[in-house]
Each structure stands twice: as structure tokens, then as C-alpha cells.
Amino acid sequence: FKLLSTFVELRSVGNNLSFSLLSEEQKLMEVLPGRAEKYQETLIAYSDQTTIPFTYGWINTKIVLPTDLQNNRESLAMAVQHELIHIKNHDFLLNSFLVAIKSLFWFHPLVYNLYSAREEYREILCDSQVLATNQFSKKKYASLLFELAKRDHNQPLALSMAVNKSSLKKRIQIMSNQNHT
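As C-alpha cells, this is what we get:
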């Protein structure tokens with residue numbers, strides 16, 4: 001029931017936003033790494049009701065960003081790049097599958113462990129791929145993550161950059177120890 005209500009909530013959020021194609025966001029496309037052309041058909045919207053970026057949709061993938069990120073091109077580009085990696089990795093589909101498994105096997109403790117470990121791994125993988133482009137500073141990216149983690153967020157199914165405050169320290173430590181050369 002919770003899974004179904006979350007999908008209904010996401011659909012109503014999407015119906016209240018005006019989406020545009022990523023390819024129409026020329027200023028944003030200029031600062032994204034080269035492979036962003038592959039995702040030109042991705043829909044993007046800005047919302048005052050959301051506090052953190054998130055991605056949803058299996059076929060028509062959509063990115064919803066807080067309106068205040070538009071004020072800082074570099075932060076916006078880092079957030080969009082992070083969400084594009086979620087799209088590339090089909091994380092919304094996998095997360096939906098894991099939520100369904102979790103709801104069916106709610107009584108088994110290993111399912112919760114699997115779900116939590118996958119959430120953390122998903123975010124670490126995205127961080128690594130964002131920084132692998134060498135276009136964004138580790139320090140600025142970590143600052144963005146920290147700023148987003150401080151915000152109050154209530155998007156249960158959304159794949160967000162700051163999904164778990166407790167894993168943020170670990171993510172930043174991993175980023176600082178990675179050498180992408």
C-alpha cells in the first residue's frame with residue numbers, strides 16, 4: 001500500500017510541475033560533461049516544494065530540482081550530473097524493485113540490510129562517476145552534498161543526492177580518498 005501511495009504522490013508532484021527537455025536548457029548543457037547529449041530527452045523541472053534533487057520515471061525519466069539551485073550554475077550542473085548518473089544506472093527501476101521486495105518480505109531482517117546497503121552503494125557510485133569527469137571539484141561537490149543533507153527532505157521514493165545523512169561522512173571520506181586518474 002505504501003509503495004502504491006508513493007507512486008501516486010510522485011505522479012501528482014509531476015502533474016503540478018512544468019517540465020522541459022534537458023536539451024532546451026542551453027546554459028546548463030554548456031557546463032555538463034560531454035556525454036550529457038545522450039540524455040537530451042530527459043525532462044527537467046524546478047520546484048519550490050522540493051528541497052533536494054530527485055529523479056523518477058522508468059520510461060520518461062524526469063529530474064526535479066529545487067528552484068534555488070538555479071542561482072548557482074556549478075551546483076546545478078553537479079546536481080543534474082548526479083541525477084543523470086542515476087538515470088544511466090536505472091536506479092529508479094532498481095529502487096522500485098527493492099521497495100517491492102521489501103514490502104513483500106517485510107518480516108526478514110536481511111531485506112532491510114540489502115536495501116540500506118544498496119542505497120549507500122548507489123550514492124557512492126554516483127559520487128564516484130560525477131567526480132570521474134574531472135570537471136567538478138571534490139571540495140565543491142562535498143559542500144553541495146553537505147548543504148543538501150542539512151535540508152529537511154520528505155521524498156521517500158525519490159533518488160536523491162542526500163538520501164541518508166548518516167552515510168554522508170562515509171561518502172565524503174571515500175571521495176577524498178579516490179584518485180580518478
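Our numbering numbers the first residue of the sequence shown as 1 and each following residue consecutively.
Just so you know, even glycine gets a beta-carbon here, dropped at the ideal spot from N, CA and C.
Leaving out five residues before and five after Ser-160 in sequence, what residues of the same chain have Cβ atoms less than 7 Å from its Cβ?
-> In this prediction, Ser-160 scores a pLDDT of 47, lower than 50, which makes its location untrustworthy; the coordinate-derived value is nonetheless stated afterwards. Once the five neighbours on either side are set aside, the close Cβ partners of Ser-160 are Ile-52, Pro-53, Phe-54, His-153.
Would you call Ser-75 buried or exposed, if buried means 16 or more other Cβ atoms sit within 10 Å of its Cβ?
-> Under this definition Ser-75 is a buried residue.
Straight-line Cα distance separating Lys-169 from Val-31 | Roughly 27 Å separates the two Cα atoms.
Would you check if the distance between the CB atom of Arg-122 and the CB atom of Leu-145 is smaller than 9 Å?
-> Their beta carbons are not under 9 Å apart, which means Arg-122 does not touch Leu-145 by this criterion.
Indicate whether the contact test is met: 3 or more Cβ pairs, each with one atom in the segment 10–17 and one in the segment 110–120, closer than 8 Å.
-> When C-beta atoms of the segment 10–17 are compared with those of the segment 110–120, fewer than three pairs fall below 8 Å, so the two segments do not count as touching.
Bridge partners - Lys-62, DSSP secondary structure assignment | For Lys-62, which the question treats as bridged, DSSP gives the partners Leu-43, Tyr-56.
May I ask you to report which of helix, strand or coil DSSP gives Thr-32?
-> A quick correction: the sequence has Leu, not Thr, at residue 32. Reduced to three states, the DSSP call for Leu-32 is coil.
Check the C-beta distance from Phe-101 over to Tyr-39 and give it rounded, since I have them as a contact under 8 Å.
-> At residue 101 the sequence reads Ile, which differs from the Phe that was named. With a Cβ gap of about 28 Å, Ile-101 and Tyr-39 do not count as contacting.
Just the C-alpha distance for Ser-96 and Asn-177, rounded to the nearest angstrom, thanks.
-> Their backbone Cα atoms lie some 31 Å apart in a straight line.
Pick helix, strand or coil for Leu-21, following the three-state DSSP scheme.
-> Leu-21 falls in the strand class under three-state DSSP.
Phe-107 by DSSP, collapsed to three states: which one?
-> Look at Phe-107 here: in three-state DSSP terms it is coil, with no helix or strand label.
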